[in-house]
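Novice: Right, I'll just put the structure down here and ask away after.
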Amino acid sequence: MIECLLNNGADVNAASPLMLHQGEDGRMSLCQGVRAIHVAVIHHDRKCLKVLIDAGANLDVTYSGGVTPLMAACKMRVEEHGIEMVKEVIEAGANPLIQDNKRWACLWYAINLGRIRTIQTILSVAPTTVNQVAPDGSTPLYMASGFGQYEAVSLLLSAGAKQTRLSFEKGKCPLDVAVRQNRTDVVRVLLSDGLHAIGGSLVLPQATSYLRRREESDGGEKNGSHAAGRGGRRKAAVLGEELIPAHPFAWLGRGM
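The opening position of the sequence shown corresponds to residue 166 in the working numbering, with each subsequent residue numbered one higher.
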């Protein structure tokens, strides 16, 4: 049917003004600008996808929110189907570095959903995505750290993820966001496997300073007195003395 339509002059890149779409959470939403290639990817129709690609379909065309076919593949409900689509559209020439209206690229989508195998697939066919930087300085490693995706953090580090100059200048430090979000598993991974990749000892003072302030705040709030506040400050000072010269995050062994 698709071949027949194309042979009779149908525009392979024609957009539907409005289409009902089911997201990865099962909810239905109205989308603008959906093309045939989006539908083929979302419905895991490999034959249809090939016909469209051979007919010259735009692999980087977007629908509502700036979503490309590759991004749609990364958030498919059945991950295995998504992986197949990811491989096919990238191998056909899709650009994995394109960002949507939120400044997320395809790797961000996979990280957001904790899709480890999808992340592996993207990195294997498009390794340059590992250190892609959004305009605000966010990187895949920063995002994974903030979301508590410690397996993704480990995978990204092994693939060469590091703190980029722009992310450093924008204050997007993976260790800092992991500490602030209480992502203890992520902090352990960063300290054991990736401290050198995110700035080494240069990134420790800020995280340590945050912990000191939190210890002080917790001490005052829990006890509600000046004496308790002084106790909280003393506790924070002792903690800081442990953190900086010795193991920077000794508190991990105690839990939070």
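For each residue, glycine too, the CB sits at the ideal point set by N, CA and C. Keep in mind the model is a prediction, meaning the values are calculated, not measured.
1. Do R211 and E244 come within 8 Å of each other at the CB atom, strictly closer than that value?
2. For G302, collect the residues of the same chain with a Cβ closer than 6 Å to its Cβ; drop the 5 residues on either side in sequence, then sort them by chain order.
3. Is the distance from the Cβ of L322 to the Cβ of A372 below 8 Å?
4. Can you name the start and end residues of the alpha helix (DSSP H) that H208 belongs to?
5. Where DSSP assigns a beta bridge to R181, which residues make up the other side?
6. Threshold first: 4 residues or longer. Then list the alpha helix (DSSP H) segments lying entirely within the segment 275-331, N to C.
7. Is the Cβ-Cβ distance between V251 and L235 less than 8 Å?
8. Distance, Cα to Cα, K267 vs A220?
9. Per DSSP, what kind of secondary structure is V251 in: helix, strand or coil?
10. Under the rule that 16 or more other beta-carbon atoms within 10 Å means buried, what is T293, buried or exposed?
11. Using the DSSP secondary-structure output, state which residues sit across from Y375 in a beta bridge.
12. What three-state label does DSSP hand V243 in the structure shown?
13. I'd like to confirm the pairing. Which residues does DSSP put opposite V232 in its beta bridges?
14. Pop quiz: G313 and Q264 are said to be a contact at Cβ under 8 Å. What is the actual Cβ separation, rounded to whole angstroms?
15. Does DSSP classify G359 as helix, strand or coil?
16. Looking only at its chain, what residues have a beta carbon closer than 6 Å to the beta carbon of A343, apart from the 5 residues adjacent to it on each side?
17. How many Å lie between Q197 and T227 at the Cα?
18. Can you give me the Cβ contacts of D225 inside the same chain, cut-off strictly under 7 Å, excluding the 5 residues immediately before and after it?
19. Check the C-beta distance from I281 over to A317 and give it rounded, since I have them as a contact under 8 Å.
20. Is the beta carbon of V298 sitting closer than 8 Å to the one on G325?
21. Look up R345 in the DSSP assignment and say whether it is helix, strand or coil.
Specialist: So, from the listed chains and residues:
1. no
2. L331, S332, K335, K337
3. no
4. Unbroken run through H208: none, as it is neither H nor E.
5. In the sequence as presented, Arg is not what sits at residue 181; that position holds Ser. According to DSSP, which records beta bridges pairwise, S181 is partnered with V199.
6. 281-290, 305-312, 315-323
7. yes
8. 30 Å
9. helix
10. exposed
11. Per DSSP, none; premise fails for Y375.
12. For V243, the secondary structure class from DSSP, reduced to helix, strand or coil, is coil.
13. Y228
14. Not quite, the Cβ-Cβ distance comes to about 23 Å (not below 8 Å), so this is no contact.
15. Helix at G359.
16. The beta carbon of A343 sits closer than 6 Å to the beta carbons of S310, V351, V352 from its chain, once the five residues preceding and following it are set aside; these are given in chain order.
17. 9 Å
18. T233, A259, N260, I263
19. Contact holds; Cβ gap of about 6 Å.
20. no
21. Helix, per DSSP.
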